[in-house]
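Student: So the sequences go chain by chain: H and W.
Using the working numbering, you'd call the opening residue of the first sequence number 1 and step up by one each time.
Using the working numbering, you'd call the opening residue of the second sequence number 201 and step up by one each time.
Glycine is no exception: its CB is placed at the ideal position from the N, C-alpha and C atoms.
Since this is a predicted model, take the numbers as computed values, not measurements.
Attaching a single structure in structure tokens format; questions to follow.
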Amino acid sequence: MELVKNLMVILFTGILTENFILNKFYGICPFLGVSKTTNGAVGMGLAVTAVMVGASAVTYPIYHYVLLPLNIEYLKTICFILIIAAFVQTVEMILKKYVPPLYKSLGVYLPLITTNCAVLGVTILNIDNEFGFIESVANALSGGIGFLLVMVIFSGVRERISRCDVPKALEGTPITLIAASLTSLSFVGFSGIVDGIFGG
Amino acid sequence: MEQYVLPILFFLLIGAVIGVLLTVASKVFFVKTDETVSQISDALPGANCGGCGYSGCDGYARAVAAGEAPPDLCKPGGAEAAKKIGAVMGVEVGDVERVTAFVRCNGNCDATEDKFTYIGMGSCAAIERFYNGKGKCRAGCHGMGDCTRVCENGCISVINGVATVDPTNCTGCGKCVKACPNKLIVLVKESRKYMVRCSSLDTGKDTRQICKNGCIACGICKKKCPSDAIIIENNHAYIDHAKCTNCGICMSVCPVKCITGLPLNSQAVCAEQK
């Protein structure tokens, strides 16, 4: 029962209050780059979610059964980057072979995830928060869903902006960043919701 | 010592493991791609200009491999690419002649005038919707450079109010043809040496009042042409390039000098620009 409650807390925290994009400011590059259309945003969000969960599941045993016993846990960042890159490559090959339509629709976003700091961030945070295996995966899942949620919401905002008459000085990136900050502010409204639901 | 050796060993090991795994994965999950497509892609110049009507070189290669497109559509690649593609597909391809863009207007600032002062969006498409442009000639070049902006090779410049193509680098992709709201730009085969540099369909009298360089359909070129290659139609002279022998008599007799020799001398064009 304790585990279930823990998982629920992790899930809600990751999606709402400690959102990767809007609270921790990870993965801003795809957030601004791929959010122009809702379709691209959904594809990117799903791909990031899958890679986050997979990467967490792979890095957890490597950290706990290889890096820690050898006392070289300070190498975790560079080691995880390697593993994530290899993992994304493999996912890409598997998708190309078995799910060609998805592979095509994700296109260039898939290799881009290799250098996505949100993925590296979630694996490092798993270790900093001293999560167990299941909690790590749940954390990755919530981070991914939070990423997806924000991408979709923000792509809607972007589509609205593209139809607005924006002052000349703010056209393009400036208005996007302003919109991002407002979206981020709105997510601040969720702070305390987890404590409220689960009683601290 | 151990603190240095261990990380190095660790990374050697993890690198080897990942390398082996990825190699195995690339063999296991190998997807066979159509070889014809890649061979055709190799033969194409990779300019991705879209002049063939497909979404870039890859799209065209796939269409050719599927038998949906003829092998000689690539204009930047020209005859060479067409031959290579023909060899891949096992089809004989005739020679593909290079085409370059040509602007059928010479209504520059010295020849014609504006009928009103235009303040607004700097785009030919916008100005065209506004009383057919600011110039007196409704068929002429608006000089706002819509063609200049779509040209990927920087061949088109607006000189003295009229878009002018420097054919040296022109790949004949045809983007400017689509961009011009007045349909002034045409793709001309390299063997054509003379073109009427005007597209006004107004009567000779009107044209004369509007623009010094406009074709007034006087018919002198038609009379003097030894091979009967000139057609006067809709108050405008056309050169039938099937009959034209490139003698150049029409250019020398034209009273308004609206018949022009090709290729337009690029050095002269540049000098004029300065």
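At a cut of 8 Å, does the stretch 27 to 39 of chain H reach the stretch 112 to 132 of chain H through at least three beta carbon pairs?
Tutor: A contact exists between the stretch 27 to 39 of chain H and the stretch 112 to 132 of chain H.
Student: Which residues in the same chain as residue 123 of chain H place their Cβ atom closer than 7 Å to its Cβ, once the five residues preceding and following it in sequence are excluded?
Tutor: Contacts found: 55, 56, 59, 80.
Student: Hey, quick one: how far does the beta strand (DSSP E) through residue 323 of chain W stretch, first residue to last?
Tutor: From DSSP, residue 323 of chain W is part of no beta strand (DSSP E); its letter is neither H nor E.
Student: Going by the CB atoms, is the gap between residue 157 of chain H and residue 140 of chain H shorter than 8 Å?
Tutor: No, they are not a contact pair.
Student: For the alpha helix (DSSP H) that contains residue 186 of chain H, what are its first and last residues?
Tutor: Unbroken alpha helix (DSSP H) run through residue 186 of chain H: 173 to 188.
Student: Please determine, among W:243, W:348, W:307, the residue with the shortest C-alpha to C-alpha distance to residue 478 of chain W.
Tutor: Nothing in the structure corresponds to residue 478 of chain W, since chain W is present only between 201 and 474.
Student: Per DSSP, what kind of secondary structure is residue 314 of chain W in: helix, strand or coil?
Tutor: Three-state result, residue 314 of chain W: strand.
Student: Given that residue 86 of chain H touches chain W, what residues does it touch there, using C-beta distances under 8 Å?
Tutor: Those are 218, 221, 222, listed as they occur along chain W.
Student: Would DSSP call residue 441 of chain W helix, strand or coil?
Tutor: The answer is coil: DSSP assigns residue 441 of chain W none of H, G, I, E or B.
Student: Nearest by alpha-carbon distance to residue 384 of chain W: which of W:263, W:393, W:304, W:269 is it?
Tutor: Of W:263, W:393, W:304, W:269, the residue nearest in Cα terms is W:304.
Student: Using only CA atoms, which one of H:155, H:142, H:159 lies nearest to residue 17 of chain H?
Tutor: Taking only the C-alpha atoms, the option nearest residue 17 of chain H is H:142.
Student: Nearest CA to the CA of residue 90 of chain H: which residue from W:224, W:215, W:400?
Tutor: Of the candidates W:224, W:215, W:400, the one whose C-alpha sits nearest the C-alpha of residue 90 of chain H is W:224.
Student: Please list the terminal residues of the continuous alpha helix (DSSP H) segment that includes residue 407 of chain W.
Tutor: Here the alpha helix (DSSP H) through residue 407 of chain W covers 404 to 410.
Student: Pull out every residue of the stretch 69 to 96 of chain H whose Cβ sits closer than 7 Å to any Cβ of chain W, in chain order.
Tutor: Residues passing the 7 Å Cβ filter: 70, 72, 75, 79, 82, 86, 89, 90, 93, 94, 96.
Student: Compute the beta-carbon to beta-carbon distance between residue 261 of chain W and residue 240 of chain W, rounded to the nearest angstrom, for a pair I have assumed lies under 8 Å.
Tutor: Yes, residue 261 of chain W and residue 240 of chain W are in contact; Cβ-Cβ is about 4 Å, under 8 Å.
Student: Please name the residue, chosen from W:227, W:377, W:382, W:375, that lies closest to residue 331 of chain W on a Cα-to-Cα basis.
Tutor: Per the Cα distances, W:382.
Student: Please report whether the beta-carbon of residue 214 of chain W lies at a distance below 8 Å from any beta-carbon of chain H.
Tutor: Chain H contact via Cβ: present.
Student: In whole angstroms, what separates the C-alpha of residue 378 of chain W from that of residue 253 of chain W?
Tutor: Rounded to the nearest angstrom, the two C-alpha atoms are 12 Å apart.
Student: For my contact list, residue 82 of chain H and residue 218 of chain W are in at a C-beta cut-off of 8 Å; report their separation, rounded to the angstrom.
Tutor: About 6 Å; that satisfies the 8 Å criterion.
Student: Which residues in chain H sit within 7 Å of residue 207 of chain W, going by Cβ to Cβ distance?
Tutor: By Cβ distance, chain H contributes 72, 75.
Student: Mind checking whether residue 352 of chain W and residue 342 of chain W have CB atoms under 8 Å apart?
Tutor: No, the pair does not count as a contact, with Cβ atoms beyond the cut-off.
Student: Compare the C-beta of residue 363 of chain W against all C-beta atoms of chain H and say whether one is closer than 8 Å.
Tutor: With 8 Å as the cut-off, residue 363 of chain W does not count as an interface residue toward chain H.
Student: Assuming residue 314 of chain W and residue 334 of chain W make a contact with CB atoms under 8 Å, what is their CB distance in whole Å?
Tutor: About 5 Å separates the two Cβ atoms, so the contact holds.
Student: Considering only the beta carbon of each residue, do residue 364 of chain W and residue 356 of chain W sit closer than 8 Å?
Tutor: Yes, they are a contact pair.
Student: What are the partner residues of residue 389 of chain W, as DSSP defines its beta bridges?
Tutor: Residue 389 of chain W pairs with W:299.
Student: Assess, as a yes-or-no matter, whether the stretch 85 to 104 of chain H is touched by the stretch 172 to 188 of chain H under the definition of 3 or more beta carbon pairs within less than 8 Å.
Tutor: Contact fails: fewer than three Cβ-Cβ distances are below 8 Å.
Student: DSSP three-state call for residue 74 of chain H: helix, strand or coil?
Tutor: In this structure, residue 74 of chain H counts as helix in the three-state DSSP scheme.
Student: DSSP three-state label for residue 64 of chain H, please.
Tutor: Reduced to three states, the DSSP call for residue 64 of chain H is helix.
Student: Are the stretch 142 to 152 of chain H and the stretch 32 to 45 of chain H touching, with three or more C-beta to C-beta distances below 8 Å?
Tutor: They touch, by the three-pair rule.
Student: For the pair the stretch 5 to 12 of chain H and the stretch 60 to 78 of chain H, tell me if three or more CB-CB distances fall below 8 Å.
Tutor: Judged by Cβ distances under 8 Å, the stretch 5 to 12 of chain H makes no contact with the stretch 60 to 78 of chain H, as fewer than three pairs qualify.
Student: For a test of the three-state rule: what should DSSP assign to residue 238 of chain W, helix, strand or coil?
Tutor: Here residue 238 of chain W sits in helix by DSSP.
Student: Taking Cβ-Cβ distances shorter than 8 Å, what residues in chain H pair up with residue 500 of chain W?
Tutor: The first residue shown for chain W is 201 and the last is 474, placing residue 500 of chain W beyond what the model contains.
Student: What is the DSSP secondary structure of residue 461 of chain W, counted as helix, strand or coil?
Tutor: Residue 461 of chain W falls in the strand class under three-state DSSP.
Student: Anyone know if the C-beta pair for residue 372 of chain W and residue 275 of chain W falls short of 8 Å?
Tutor: Yes, these two residues count as a Cβ contact at 8 Å.
Student: Between residue 226 of chain W and chain H, is there a C-beta pair that is closer than 8 Å?
Tutor: It does: the Cβ of residue 226 of chain W has a partner Cβ on chain H nearer than 8 Å.
Student: What's the gap between the Cα of residue 344 of chain W and the Cα of residue 188 of chain H?
Tutor: For residue 344 of chain W and residue 188 of chain H, the distance between alpha carbons rounds to 49 Å.
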